[in-house]
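Quick notes on the structure that follows.
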């Protein structure tokens, strides 16, 4: 006779002596303390770097700043539409070329030195752009700006693998990446105020904008150089016990990226031959096109919704502010339940639908189009945290981590070049081509995400006993 109630099976933890249980509890407390120290030391500086980077690379506000008085960036430099496209895309070209070398430089020189150098370079370049007199000079400076900006995105993702476990990265990467959307929000607010400086000391408003946005990058570069920690092994600011814990934590990760690990040619070839990584690269490239196109053209699109002059700058703030909040909120969910890919999949579908609907609305439906613009910006930006966390959690050694992150970021920048050309002035104010293209690209991203989920599920079924599972 089968008993009606089977007594619970005691796990090995039930037999643990009090000393062992206390030790485990002490480890948890120590790890939480370590994470607090890391977050306070790393996240504010890196998030501010992304905010300033977003300000430096975005021409969107300069395009329409003081256009009503004939003093905008395009009007003063007498640029044609095609010349503006070339200037806007120039930084993406050099960023694409220099991202892989930059990731190697970051490991060779250490993150604090290399990231500080990059910030100093782009801050100085942005300030020099304020003195631009013609198209050729501006084009050259944008190429130089892109070379300095190249190392930030892949460098920060790579840097996070030195300090955080995969289940700890999504929210933190999301916070850092979402700070770039704050750059879009602050950019509109700054441009609104700078518009009143037009003509002061003989300088147009956009020149003041470049000067004001360049100075903070130079100042932050100095702080990053002295205070940003590079590797757990060299972190003299941590107490010995915490430093040992930081090193031990990362040795337990499947993607080991400690400072002493060497990058080998054999490992690099293995990474290059891994087919599923190329699907990740493609996803990274395509998924960045909608948010980048909006970052550049949101003020112009809003200008076509009936909000003119300085008001167009102010109304560019809510879409980016909403993106920041939503990105952090969904990343908390993704980290807590380890559903990084699912958060991305759902976000891509919703964002794609909002862009398609925007394209079908009449140009005069100002309020509906503005609300959909906010939702499109929000849901197309949400994956910036979960997607890198999912990607890096499925990298298994220092070769894959160093090389794959740089390749992924390089193609992301290549996608940014495409985003420059989506919203054509001739299609104002409806911009149907831009909206339909973004919608289609986001649905494509959803399909790629689902295909990757299927690949990882199949790989998990083929694992041998003792092998680390792939993150679905």
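Residue numbers (this note's numbering): 3 to 474.
Backbone N, C-alpha and C fix where the C-beta goes; we use that ideal spot for every residue, glycine too.
The structure presented is a predicted model; accordingly, all values stated were derived computationally and were not measured.
Between residue 252 and residue 414, the beta carbon gap of about 25 Å keeps them out of contact (Cβ cut-off 8 Å). Residue 56 is positioned such that its CB atom lies no closer than 8 Å to that of residue 67. Take residue 358, set aside five residues on each side of it, and the residues of its chain with a beta-carbon closer than 6 Å to its own are 441, in chain order.
The residue among 154, 418, 166, 344 with its C-alpha nearest the C-alpha of residue 89 is 418. By the C-beta density criterion, residue 225 is exposed, having fewer than 16 other C-beta atoms within 10 angstroms. Contact between the stretch 119-131 and the stretch 165-177 is absent: fewer than three C-beta pairs spanning the two stretches fall below 8 Å. Excluding five sequence positions before and after residue 431, the CB atoms of its chain that fall closer than 6 Å to its own CB belong to 306, 365, given in chain order.
Pairing residue 154 with residue 52, the inter-Cα distance amounts to about 8 Å. Non-local beta-carbon contacts of residue 350 in its own chain, meaning distances under 6 Å to residues more than five positions away in sequence, involve 444, 447, 448 in chain order. With respect to the C-alpha of residue 388, the residue from 111, 282, 146, 122 having the closest C-alpha is 282.
Nearest C-alpha to residue 375 among 273, 473, 318: 318.
Taking C-beta separations shorter than 6 Å and ignoring five residues to either side along the sequence, the partners of residue 101 in its chain run 152, 156, 408, 411, 412, following chain order. Assigned with DSSP and collapsed to three states, residue 132 falls in coil, not helix or strand.
Collapsing the DSSP output to three states places residue 119 in a helix. Rounded to whole angstroms, the separation of the alpha carbons of residue 96 and residue 146 is 7 Å. Per the coordinates, the alpha-carbon of residue 379 lies some 20 Å from the alpha-carbon of residue 65.
Listed in chain order, the non-local C-beta contacts of residue 40 below 6 Å within the same chain comprise 165, local neighbours out to five positions each way being set aside.
Sequence-distant partners of residue 453 (beyond 5 residues in either direction) whose C-beta falls short of 8 Å from its own C-beta, in its chain, are 281.
Where residue 462 is concerned, the enclosing alpha helix (DSSP H) starts and stops at 434-463. Excluding the 5 residues flanking it on each side, residue 381 has same chain C-beta neighbours closer than 6 Å at 349, 352, 353, in chain order. Fully contained in the stretch 221-262 are the following alpha helix (DSSP H) runs of length 4 or more, in chain order: 242-253.
Around the Cβ of residue 267, a 10 Å sphere holds fewer than 16 other Cβ atoms; the residue is exposed. Residues of the same chain with a CB within less than 8 Å of the CB of residue 315, apart from the 5 flanking positions on each side, are 63, 66, 67, 190, 191, 193, 194, 197, 301 in chain order. Here residue 471 has 462, 465 as same chain residues with Cβ atoms under 7 Å from its own Cβ, once five neighbours each way along the sequence are excluded. Residues of the same chain with a CB within less than 6 Å of the CB of residue 405, apart from the 5 flanking positions on each side, are 270, 273 in chain order. Around the beta carbon of residue 215, a 10 Å sphere encloses 16 or more other beta carbons of the protein chains shown; the residue is thus reported as buried. If you draw a straight line from the Cα of residue 332 to the Cα of residue 47, it comes to about 22 Å.
With 16 or more other CB atoms across the displayed protein chains lying within 10 angstroms of its CB, residue 299 is buried. Here residue 305 carries a helix assignment [DSSP, helix/strand/coil].
A residue is called buried once 16 or more other Cβ atoms fall within 10 Å of its Cβ, and residue 239, having fewer, is exposed. With a 10 Å radius around the Cβ and a threshold of 16 neighbouring Cβ atoms, residue 241 comes out exposed. Ranked by how close their Cα comes to the Cα of residue 183, the residues 356, 276, 450, 322 have 322 in first place. When rounded, the separation of the alpha-carbon atoms in residue 426 and residue 70 is 20 Å. C-alpha of residue 200 to C-alpha of residue 221: approximately 25 Å in a straight line. Residue 437 sits buried, since 16 or more C-beta atoms from the chains shown fall within 10 Å of its C-beta. If the five residues before and after residue 181 are omitted, its C-beta is found closer than 6 Å to the C-beta atoms of 49, 52, 53, all from its own chain and listed in chain order.
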